[in-house]
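For reference, the structure is listed below as structure tokens.
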Amino acid sequence: MAVAAVLGGLLTLLARPRSHKFFSREGYIIVALAWVLLSAVGALPFWFSREIPSYADAFFETVSGFTTTGASILTDVEAMSHGLLFWRSFTHWVGGMGVLVFITMLSGSTDRSMNILKAEMPGPVKGKLTPRTRDTARVLYLLYFLITAVLVGMLLLGGMPLFDSLVHAFGTVGTGGFGIRADSIASYSPYIQGVIMILCGINFNLYYLLLLRQWRAALRSDELWTYLGLAVVATGVITLDLRGVYGGLGTCLRQAAFQVSSVLTTTGYATADFDLWPGLSRAILFALLFIGGCAGSTAGGLKVSRAMI
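Reading the sequence shown from the start, the letters are residues 3 to 311 in my numbering.
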């Protein structure tokens, strides 16, 4: 925190722009450089604690967290302290919505807010949720907080400890997938595995419409139905393909549904080693990785709307 404060103070004192005009170019540059600096500072807790002795490894882990990629250099994640496991998963939560979207809420300039938001939000965007860009950012973060709180509550109802519930909610809502166990979430109950499913790959605009009780407008989304249709069809085909791998049809369905939702939302949690599955199932999962979730969600991939086009 001290290092970040010093860097921020120096940038504030030394950065004297000749012009205060703010366009898309400035937005893109700020977003790119801010993420690099954010990752460089975010790696310090891992490095200072010596739980990741190499700064290069710590930087990789942090970038993977903030970008919600989920790749890890850790070989024994369960040996890490609770504090750094929390920070590791929290990077997913920050990166899922985008830290600069949060800054947009605080920005006093309309053109700055708009160009930063456009530069950081993933996927094609039709328009703002509200007339003012700052209000749009506030709505997005309100939805983000709400979904996170609901997910934590549902995990607690399933008997998951509070710490586990928080870190898994961060990884699920941010669609990152950092876990705190070597087997990801395979050792948790089917209920908990079912909770960590497909909701965070849906466009946040639709949740906003549901809050406004505009059910018809939300349900008219072609992208939503294509996204759900992909999940249902892929799950059905993989379930039939797994009949020779698992005993009962119910087990096949549960394993297929979880892996499909985890891959389609680009979250990355796993309950099975699907590298041992038949070729057809692996090919379907491989294709879903590229498609990803809906535009306006925290999921990665090309986005369903682009695949539709």
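Note that beta-carbon positions come from the ideal geometry of N, C-alpha and C, so glycine has one too. Nothing here was measured: the structure is a model prediction, and the numbers come from that model.
Beta carbon of residue i nearer than 8 Å to that of residue j
i	j	result
I187	Y271	yes
Q195	T269	no
L144	M99	no
G179	G72	yes
G181	G173	yes
G203	T150	no
L230	A219	no
Contacting residues, own chain, Cβ-Cβ under 7 Å from residue i (five flanking each side not counted)
i	result
T69	G97
V265	L287, L290 and L291
V154	S167, L168 and A171
F165	H84
A184	V79 and E80
V101	L40
G176	T70, H94, W95, G97, G98 and T300
A233	I200, V262, S263 and L266
Alpha helix (DSSP H) segment containing residue i, residue limits
i	result
P47	L46 to F50
Y229	D224 to D243
G196	P192 to V197
T300	Segment: none, T300 is in no alpha helix (DSSP H) and carries neither H nor E.
L254	The residue you asked about is not Leu; residue 254 is Cys in the sequence shown. L251 to L266 is the extent of the alpha helix (DSSP H) around C254.
L208	F206 to L213
G11	A4 to L16
G1	In this structure the chain extends from 3 to 311, so residue 1 is not present and cannot be described.
L313	Past the boundaries of the shown model lies residue 313; the chain is included only from 3 to 311, so the question cannot be answered.
V247	Note, V247: premise wrong, no alpha helix (DSSP H); not H, not E.
Buried or exposed by the 16-neighbour rule on C-beta atoms within 10 Å, applied to residue i
i	result
R20	exposed
V8	exposed
I240	buried
M3	exposed
F62	buried
I200	buried
Y193	exposed
F276	buried
Cβ-based neighbour list, residue i, same chain, cut-off 6 Å, excluding 5 preceding and 5 following
i	result
T228	V306 and M310
E225	C296, V306 and S307
D59	I75
Residue i: CB within 7 Å of a non-hydrogen atom of the ligand ZN
i	result
Y146	With respect to the ligand ZN, the structure shown offers nothing to examine, as it has no ligands at all.
Same chain, Cβ closer than 8 Å to residue i, five either side skipped, listed in chain order
i	result
R245	L251 and C254
M156	V197
> What are the uninterrupted segments assigned as alpha helix (DSSP H) that are 4 or more residues long and contained completely in the region 154-183, given in chain order?
Replying inline: 164-175
> Going along the chain, which unbroken runs of the beta strand (DSSP E) with 3 or more residues stay wholly within the region 62-93?
Replying inline: Listed in chain order, there is nothing to give.
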